[in-house]
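Input: a single structure, listed below in structure tokens.
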Amino acid sequence: MKKKLSSTEIDRLKRELADLPLGCVSCKTIKGTKRYYRQWVEGGRSRSEYLPADKVDGVRAQIQRRRELAKVLKPYLTEAVSSAAVVTGVKTGAGLVRWAQVVSGWKSRKVLPDIMKFLRWKTEGRVCLVYGIRRTGKTTLLQQAVLEMTDEERAHAAYFKVRDGETLDEIAEKLDKLEANGVRYVLIDEVTLASDFIDGASLFSDVYAMSGLKIVLSGTDSLGFWMSIHQELFDRAYLFHTSFVPFHEYSRLLSIDDVDEYIRYGGLLKRGNADFDDPRANEPDASFRDVESTRLYIDTAIARNIQHSLACCRDGRYFRHLRELYEANELTNAINRVIEDMNKEFLVSVITRDFRSSDFGIANNAMRTDRNPKRRRNLSALVDVEKVTDELMRYLDIRDAARQTVSVTADHVAEIREYLEKLDLVVSCPIRHVSRGKALGETEQSLFTQPGMRYCQAEALVKAMLKDASFSRADPAERAYVTERILENVRGRMLEDIVLLETLEANPKPKDIFEGKEVFKLMFESGEFDMVVRDLKTGTCEICEIKHSQEAVDDQFRHLLDKEKCAQAERLFGRIASRKVYYRGPDFVHPSGIVYRNVEDYLKSFEHLV
């Protein structure tokens with residue numbers, strides 16, 4: 012009968028085991044030369060790394076030692092899982108694996124390797140935060156982290172979900188039991204539901220992480236995490252935010268390459284009939300399929316997020332001007348109002364720019380001279396554009412005034428917009444103004460990171476216009492045409508915002524004036540460059556137009572060849588290195604030298620930069 016190991020010996024052998032490599036050593040002959048590789052399986056996937064010849068014998072000896080230790084420790088690893096499982100509501104061992112296997116085979120978000128790095132780092136005193144609004148893949152990341160673990164790591168891992176109103180004292184009691192039972196990796200979901208999380212979050216870093224536990228905290232109340240980072244967890248957390256789902260990730264995860272699909276439904280992650288966080292994702296009330304579901308999502312995933320986080324911060328300093336709305340039970344309504352008003356402002360800008368400006372005449376001319384006779388249309392003969400535009404604008408103003416039931420001040424709006432930025436729902440894009448070769452200053456444009464939410468609300472508002480008495484008297488064909496024309500322009504403006512946003516995200520604000528790239532929109536007295544990418548290192552810039560069209564039309568790049576505009580841009584931002592039009596057709600170079608680039612391919616190229 013074998014001698015039973017002491018707890019000291021078990022701990023020593025476990026530590027040695029954790030540092031030894033998995034797998035086996037294989038040899039391949041490539042072009043007559045032998046090359047050695049360590050190969051192993053991790054998280055259900057085959058892995059491989061090249062081994063220099065002088066390292067082969069050492070790695071083989073380490074792998075053999077690992078096998079011997081695993082055989083000796085097997086009974087004790089099983090015992091650890093069994094004893095840990097007695098903690099109520101905690102998944103360990105086989106139960107943990109069954110919970111994680113639900114997402115087996117699913118593609119993972121970009122942050123998963125970074126989460127795994129955190130779990131395997133030897134540092135102490137820090138925790139990992141995975142946070143974002145609902146249905147952006149947080150729980151799935153925790154499940155995939157379990158699948159990525161080695162057998163030895165999983166044997167010492169645990170997962171539990173915090174109940175609404177649970178306290179940190181109750182969570183600490185669970186952690187004490189798990190730690191006593193040999194658990195080293197703890198994944199805690201919905202931690203912001205703990206009523207005292209914001210004011211006591213340092214418990215995780217200062218007590219348990221310092222004692223060697225690797226803790227991953229996940230939650231829906233992103234604002235609560237932001238507050239804790241600026242208070243209790245300052246400089247003691249690694250942050251991974253999931254709210255923003257760029258097109259390249261949306262495309263890779265869901266195998267959807269159509270940017271129009273992203274415009275209509277993007278922002279949330281779905282996979283077939285199963286959502287990353289909610290299996291009901293494709294039900295009619297579960298995504299940006301109609302205005303009711305969108306408003307419900309805004310209410311539950313965003314407005315209540317902000318309100319819950321503010322209410323759970325004991326010192327109350329984050330409420331500021333919003334306290335009066337909170338105490339009157341009107342804060343959620345006000346947040347909804349601000350989001351819907353931002354989308355209304357966006358729609359107003361589409362109507363005023365694309366229907367009242369020369370752009371409408373350009374579009375009219377392009378349709379009138381379309382090479383396909385069946386698609387040639389004369390908008391002026393179809394509809395009185397000025398009259399219809401005035402009617403739509405009037406309708407928007409009346410509709411908004413009729414819905415103003417809450418007295419929301421400019422201070423309220425500014426603070427709510429600030430919190431929307433903290434949630435990664437709104438990103439500011441710089442707009443630079445130029446006149447006669449002189450810089451006139453800079454303003455900002457708000458870019459919404461949830462395209463499906465914006466499009467659904469714009470679509471609902473446009474359809475609501477059809478119910479207006481004056482507009483409804485127009486010919487049905489004209490109403491349908493004008494409605495679709497507005498929605499097409501909405502999609503075009505949204506595509507501009509998406510390209511600007513993702514280019515900004517791929518090129519963070521430069522730290523100095525000699526390195527990095529600046530991304531901005533450039534406005535002239537008449538006309539604009541949709542996007543300018545300025546390379547500070549080379550002293551050059553790239554000027555771009557962004558078009559929703561699948562066809563190339565010369566009018567699309569008229570500003571890019573405007574000598575006066577280009578001279579002003581070069582005087583301020585450096586030599587123009589390239590002129591590009593991003594659109595939905597194939598890549599090609601126009602005889603004028605303008606480079607046409609497929610916008611979907613361009614957006615997917617960011618996959619390799621982040």
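First residue of the sequence shown? That's 12 in our numbering, and the numbers climb one at a time after it.
Glycine included, C-beta positions come from ideal geometry on N, C-alpha and C.
Cα separation between residue i and residue j?
i      : j      : result
ILE226 : TYR170 : 10 angstroms
GLY5   : SER254 : The chain is shown from 12 up to 621; residue 5 falls before or after that span and cannot be answered.
GLU163 : ALA81  : 8 angstroms
GLY148 : ASP269 : 21 angstroms
VAL349 : ALA475 : 19 angstroms
LEU250 : CYS139 : 6 angstroms
ILE605 : LEU28  : 60 angstroms
SER483 : ARG490 : 8 angstroms
GLY672 : ILE74  : Not covered by the structure: residue 672. The range shown for the chain is 12 to 621.
ILE309 : ASP22  : 49 angstroms
HIS601 : ARG496 : 27 angstroms
ASP573 : LEU342 : 49 angstroms
GLU190 : ALA168 : 10 angstroms
PRO290 : ASP565 : Unreliable placement is indicated for PRO290, whose pLDDT of 44 sits below 50; the coordinate value is still reported in the next sentence. Spanning the two alpha carbons is a distance of roughly 47 angstroms.
HIS619 : GLU338 : 47 angstroms
ASP207 : GLU177 : 9 angstroms
THR151 : GLY116 : 12 angstroms
GLY136 : ASP422 : 39 angstroms
ALA588 : ARG131 : 44 angstroms
MET127 : ILE267 : 27 angstroms
ILE362 : GLU529 : 29 angstroms
SER320 : THR420 : 21 angstroms
LEU179 : LYS355 : 42 angstroms
ASN340 : MET353 : 22 angstroms
ARG586 : LEU571 : 13 angstroms
ARG315 : ARG195 : 34 angstroms
TYR187 : VAL197 : In the sequence under discussion, the amino acid at residue 187 is Asp, which differs from the Tyr named in the question. Taking the straight line from one Cα to the other gives about 11 angstroms.
ASP125 : GLU159 : 12 angstroms
Mark residue i as exposed unless 16 or more other C-beta atoms lie within 10 angstroms of its C-beta, in which case mark it buried.
i      : result
GLN468 : buried
SER616 : exposed
CYS440 : buried
LYS532 : buried
THR460 : buried
PHE236 : buried
GLU201 : buried
GLY278 : buried
PHE525 : exposed
LEU614 : buried
LYS185 : buried
ASP175 : exposed
GLY448 : exposed
GLY100 : exposed
ALA450 : exposed
SER603 : exposed
GLY622 : As shown, the chain starts at 12 and ends at 621. That puts residue 622 outside it, with no answer to give.
ARG77  : buried
ASP612 : exposed
TYR61  : exposed
Roughly how far, in whole angstroms, is the beta-carbon of residue i from the beta-carbon of residue j, given that I think they are within contact range, below 8 angstroms?
i      : j      : result
VAL592 : GLU556 : 5 angstroms
VAL36  : ARG49  : 6 angstroms
SER239 : ALA212 : 4 angstroms
ILE554 : ARG590 : 6 angstroms
Under 7 angstroms: does the beta carbon of residue i sit that close to some heavy atom of the ligand PLP?
i      : result
ILE144 : Annotation note on the ligand PLP: not contained in the displayed structure, which lists no ligands.
Can you list, in chain order, the residues of its chain whose CB lies under 8 angstroms from that of residue i, leaving out five sequence neighbours each side?
i      : result
ILE11  : Since the first and last residues shown for the chain are 12 and 621, residue 11 lies out of range.
TRP110 : LYS102, GLN154, VAL157 and TYR170
LEU24  : LEU16, LEU80, VAL83 and LEU84
GLU516 : PHE255, PRO257, VAL438, PHE617 and VAL621
Looking only at its chain, what residues have a beta carbon closer than 6 angstroms to the beta carbon of residue i, apart from the 5 residues adjacent to it on each side?
i      : result
PHE2   : In the structure as shown, the chain starts at 12 and stops at 621, and residue 2 therefore has no counterpart that could be examined.
SER560 : TYR594
Can you list, in chain order, the residues of its chain with a C-beta nearer than 7 angstroms to that of residue i? Leave out the 5 residues immediately preceding and following it.
i      : result
ILE442 : GLU453, THR454, GLU455, GLN456, PHE531, LYS532 and MET534
ILE317 : LEU234, ILE346 and TYR430
PHE215 : VAL138, ILE226 and LEU228
ARG428 : VAL349 and VAL437
PRO597 : ASN609
PHE330 : LEU321 and TYR337
GLU562 : GLY596
Using a beta-carbon distance below 8 angstroms, is residue i in contact with chain B?
i      : result
ARG146 : The structure shown contains no chain B; it is built from a single protein chain.
Legend entry - Any 3 or more C-beta pairs closer than 8 angstroms across the segment 539-550 and the segment 492-504: no
Inset, instruction - Mind the definition here: the segment 207-222 touches the segment 576-595 only if three or more C-beta pairs lie below 8 angstroms; say whether that holds. - result: no
Legend entry - Stretch-stretch touch, CB-based, cutoff 8 angstroms, three pairs: the segment 509-518 with the segment 534-546: yes
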